[in-house]
Every structure is written in structure tokens, then in C-alpha cells.
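When you line the sequence shown up against my numbering, it's residues 35 to 458, in that order. What follows is a short report on a single structure.
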Amino acid sequence: MTPESASNPWAAKARALDRYRWLLLRERHGLVGSALRFAREAIGDWWFGVRAQRRLAATIAAEPCDFLLLQSAPKVIKFQRKKLLMEGLRDRGHRLVETALQAPKTILRQRLLARPPHPVPTRYFGLAAHAEWLAAHHQPRILLNDRNGSLYAPFLRMALNARSALLVHLAHATTVEGSRRLGMNDYDYYFLFGQSSLEALQARELRFGESTAALVGSHMIDASYDMPPPAPEARTLLILGVGPDKEKEREYQQTYALLATWARRHPEYRVLVKRHPRSQAPFWRDAAGGSANIEVLPAECTLASALARASVVVNILSNAVIEAALAARPVLCVDIGGQEDIFQQRRFYGATITTEAEFEQRLLDIEADFAQALARSHAFAEFHLAWGVGGLQNTLASLESLLAHARLPDGVQCSTLTATSQTF
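What follows is the structure, given as C-alpha cells:
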């Protein structure tokens, strides 16, 4: 650390963020395109900072808590994706507050801003001031961060650490996808699902900040996924739907059509569809209207409940394939579009299916050697999920250890995930 960084770490962090954001743009755009986008973002940030300087809170009422769960946006709260974790912490007697990152206009209107302890460039003043306000108002001992790639994270960490508190980032899925947001790594602890997530982050060419990566498992998985293997003769397929943006694309429409056509030709199989939480599943509703053996499961049907009814799971591009493997369900991977195999499904399940004939044969192969199909799913689940169905309980135990300033539980693999040299 340079003397300048030591005297004003907030300004040093802002300069480092400028470089990181430039490098992110250069990954996807040419020099001119990157410069234009960088300037546009800088102007927007600067204007937020100018207004934030005039909208600082006159007073800040302290409402201390043990855990502050900071969701990525207000709309995310209604999805209740962290319901099990929240209930677990509260049942153990901890005070947990759930809130969300607000839009800049809301932050300004409600004066959710406090002056940072060090001068910050105007471009980052709004981000830094809101981070300082969150730490001063909620005074959490641990802040649980949800949003990947949040530019608030570096300032939150400094504001929290100054109060002897910690910033823990909770991965809400495996981190194997190519999203640029996963380059943000400025946390005290980065709670990951498993080995595949760690390997993917280590392989990234661009990482900002340093964290302790801990393989704690999935906080969204509990004993409800600990179910006996299905009966092969049940002949019930569960299709895991993709998100609403993806399912509009031609390649996914073609993959859906392949599966629907096969289902209509094989009425002896029951075909269930677990839609994405944000999807209304228009394609599958139409398909179900014309085929008695296709059923779109209701939105309130949990993934575990859906898996309990299935003998084979059909995956296209869903994180839920990992839970399917954990629940001891054989998996068929289908994708006409040739998308990147981010979950390394081919490594465990063989080549991706692209035709009806291949689908038919691979399903027959599973039924002929069900034990081998289950073994593949077991290996796949172990690669992606540390602690298996104990992920929720291990996450709770790990958070309680940090709250008590103790080491993480025995068996939790930890690694230092450093910044890449370009972002220093």
C-alpha cells in the first residue's frame, strides 16, 4: 500500500475502480467504443455525486442489527429467495434486517447519504455516501451482500471494517457463468456453492479486490432435496424452463419445440414443466393445452416438490440442474442452440442432445442402466455443491462463527481470491 493509499484509502479505491471499469469495457469494446461508454458512465456517476453532496442526511438514527441482508433491488425481496436463510438466522436468535439497494433518485429524495470519512472524487461520492449511510444507520455486525458486481461493495467494505464489521457476499447461484459482474471480488468473505464456482472465479482474467472464498455450500438447499432415487418405471420427465428473456430466442424456441414434439409422440410419458420464477411459460401453456401428458406446474410448486415427482430431469440452461443432480435424478441435457456449457454438463452427462432421435436413445440408455445414470448425477452434484443437502445448515454455522469472531467450521475449504494484476 502506498503512503497516499494509506492516508486516503477511499480515494485510492475510487481510482482503482476507474481502472477496473475501463478494463471491463475493453473486454467487449474497441478503444473508441470503450472511451465513449466510459465517459457516459462517468457523467452519470458525477451528476449523482454532485446531487448527493447537497442531500446529505442531517441526522442518522442508528438501528443496530446482527445481520443486514442487502438485496440487489426492492423487487427482489418479494421473490423470497433467501427465506430459508433468514428464517434460520432469526430462529437462532439473531436480529436480521432485510433491505435493498435503492435507485439513485430514491437515495437522493430520502437523503440516504452520509459524508464518507475521507474525501472521495465526485464521481464516486454518491456510492460512497450511501455505503456510509447504510453502515451508520443499520450498524450491522455482518452485512450479507446479494448483488453481483455492485460498485457499492468496495465502499461498504471500508465503511463496515471501520466499525469492526464484515462484508460477506452470498453467491445466489454457481459462479460459472461468464457475466462481467462476477469480476467484483472486494469482500471480506465470498460464500461459494462449491468447487466449480471457485475454479471459475480463479480462471477469470479480471478480478477487482481480494476476498476469502469459502466453500460453504448453497444456502438455498436443505434436507428437502435429500430424497430417494426415483423408480425408473415412473416415466415422468421434468423440464427445467429457461428465463423469460432466453425463451424468446429462436434457439430456445427450437429446443422447446423439440421437447414438445417428442412429448406428443410419447403419451406413455408424463412431462412436467417447472417454469423459471420470472416466466409465464407461454410456450408450454399452449403445448399443455394440446397434449394431455404435458403439465405446467403452478408457480407455488417448489423445485424440491417438482423433483420429487420426476424420474428424469431435462435441462437446457438452468442452475436448477445442480439441485436435480443432488436430489438423485438422472439428467438429460438438451440444447439446439449450442450454448456454452457453463455447468460442464458434457463432462458428466455426455454430449448435448440436439435431435429427437438422440433424445429418445439417451432416455432409453438411462432406463437400461439407471444406476449408472444416478452415479453421474452424484458426481455432478459433488463438483458443484459442497456439503450437499447440508448447505443451508453449514452456511448458518459459518455465519455464526464469523459473528463470534471465530474460525469457520471444520471442513469448510477457504482460499484467498486475489485481485488480478491489471486492477492494482
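For glycine and all other residues, C-beta sits at the position ideal for the given N, C-alpha and C. Just so it is clear, the structure is predicted and the values come from calculations on it, not from any experiment.
Is any non-hydrogen atom of the ligand ZN found closer than 6 Å to the C-beta of residue i, if you look at the structure I gave you?
{"i": "Glu390", "result": "In terms of ligand content, the structure shown is empty, and the ligand ZN therefore cannot be addressed."}
When we look at the beta-carbon of residue i and count the other beta-carbons within 10 Å, is it buried (16 or more) or exposed?
{"i": "Thr389", "result": "exposed"}
{"i": "Pro311", "result": "exposed"}
{"i": "Pro153", "result": "exposed"}
{"i": "Gly228", "result": "buried"}
{"i": "Leu65", "result": "exposed"}
{"i": "Asp79", "result": "buried"}
{"i": "Thr140", "result": "exposed"}
{"i": "Lys47", "result": "buried"}
{"i": "Ile328", "result": "buried"}
{"i": "His439", "result": "exposed"}
{"i": "Asp463", "result": "Nothing can be reported for residue 463, as the shown portion of the chain is limited to 35 through 458."}
{"i": "Leu398", "result": "exposed"}
{"i": "Leu341", "result": "buried"}
{"i": "Val347", "result": "buried"}
{"i": "Val84", "result": "exposed"}
{"i": "Thr289", "result": "buried"}
{"i": "Ala294", "result": "buried"}
{"i": "Glu281", "result": "buried"}
{"i": "Ala321", "result": "buried"}
{"i": "Pro108", "result": "exposed"}
{"i": "Lys112", "result": "exposed"}
{"i": "Thr336", "result": "exposed"}
Over the uninterrupted beta strand (DSSP E) stretch that includes residue i, give me the two end residues.
{"i": "Leu123", "result": "Here Leu123 belongs to no beta strand (DSSP E); instead the alpha helix (DSSP H) covers 117-125."}
{"i": "Glu132", "result": "130-134"}
{"i": "Thr450", "result": "447-451"}
{"i": "Val305", "result": "304-308"}
{"i": "Val202", "result": "200-204"}
{"i": "Ser245", "result": "245-249"}
To the nearest whole angstrom, what separates the beta carbons of residue i and residue j, a pair I think is in contact under 8 Å?
{"i": "Ile273", "j": "Lys308", "result": "7 Å"}
{"i": "Leu487", "j": "Leu118", "result": "The structure shown does not extend to residue 487, since the chain is modelled only from 35 to 458, so the question has no answer here."}
{"i": "Glu123", "j": "Leu433", "result": "With the sequence shown as reference, residue 123 is identified as Leu, and Glu is not the correct amino acid for it. Right, the Cβ-Cβ distance comes to about 7 Å (below 8 Å), so this counts as a contact."}
{"i": "Leu130", "j": "Cys99", "result": "7 Å"}
{"i": "Glu61", "j": "Arg214", "result": "7 Å"}
{"i": "Tyr54", "j": "Leu135", "result": "Not really, about 19 Å apart at Cβ, beyond 8 Å."}
{"i": "Leu142", "j": "Arg89", "result": "5 Å"}
{"i": "Leu426", "j": "His253", "result": "5 Å"}
{"i": "Leu271", "j": "Leu306", "result": "7 Å"}
{"i": "Phe242", "j": "Met218", "result": "6 Å"}
{"i": "Phe393", "j": "Ile387", "result": "5 Å"}
{"i": "Val29", "j": "Tyr259", "result": "Since the first residue of the chain shown is 35 and the last is 458, residue 29 is not available in this structure."}
Based on Cα-Cα distance, which residue from the options lies nearest to residue i?
{"i": "His128", "options": "Leu437, Thr454, Ser455, Ser449", "result": "Leu437"}
{"i": "His172", "options": "Leu190, Pro155, Leu292", "result": "Leu190"}
{"i": "Ser245", "options": "Ser455, Thr450, Thr454", "result": "Thr450"}
{"i": "Ile94", "options": "Trp167, Phe159, Leu398", "result": "Trp167"}
{"i": "Arg145", "options": "Val348, Ala402, Leu161", "result": "Leu161"}
{"i": "Pro364", "options": "Trp81, Arg149, Ala265", "result": "Ala265"}
{"i": "Ala409", "options": "Leu430, Leu398, Phe382", "result": "Phe382"}
{"i": "Pro150", "options": "Gly422, Pro43, Thr429, Tyr224", "result": "Pro43"}
{"i": "Leu102", "options": "Asn179, Tyr290, Ala50", "result": "Asn179"}
{"i": "Ile350", "options": "Ala391, Asp369, Ile77", "result": "Asp369"}
{"i": "Thr208", "options": "Ser325, Leu201, Glu233, His63", "result": "Glu233"}
{"i": "Thr454", "options": "His203, Ser184, Leu216", "result": "Leu216"}
{"i": "Met192", "options": "Leu226, Ala170, Gln314", "result": "Ala170"}
{"i": "Ala359", "options": "Glu416, Asp52, Leu226", "result": "Glu416"}
{"i": "Trp421", "options": "Ile400, Gly445, Asp403", "result": "Gly445"}
{"i": "Val276", "options": "Ser231, His300, Pro316", "result": "Pro316"}
{"i": "Ala338", "options": "Cys367, Ala405, Gln114, Ala361", "result": "Ala361"}
{"i": "Glu97", "options": "Cys367, Leu51, Pro174", "result": "Pro174"}
{"i": "Ala163", "options": "Asp403, Ser41, Met120, Ala148", "result": "Ala148"}
{"i": "Gly183", "options": "Tyr224, Phe159, Leu194, Arg197", "result": "Tyr224"}
Per DSSP, what are the beta-bridge partners of residue i in this structure?
{"i": "Asn349", "result": "Leu274, Cys367"}
{"i": "Met218", "result": "Phe242"}
{"i": "Phe225", "result": "Leu204, Ala248"}
{"i": "Gln105", "result": "Ala134"}
{"i": "Leu178", "result": "Leu103, Val202"}
{"i": "Ile328", "result": "Val305"}
{"i": "Ile94", "result": "DSSP lists no partner for Ile94."}
{"i": "Ile387", "result": "Val368"}
Just to confirm the assignment, what range does the alpha helix (DSSP H) spanning residue i have?
{"i": "Ile77", "result": "65-87"}
{"i": "Ile400", "result": "390-402"}
{"i": "Ala340", "result": "337-343"}
{"i": "Pro188", "result": "187-195"}
{"i": "Pro43", "result": "43-62"}
{"i": "Leu426", "result": "425-437"}
{"i": "Ala167", "result": "Going by the sequence as given, residue 167 is Trp instead of Ala. 156-172 is the span of the alpha helix (DSSP H), which, as asked, contains Trp167."}
{"i": "Trp296", "result": "284-299"}
{"i": "Ala268", "result": "Counting along the chain, Ala268 falls outside any alpha helix (DSSP H), and DSSP gives it neither H nor E."}
{"i": "Ile356", "result": "354-360"}
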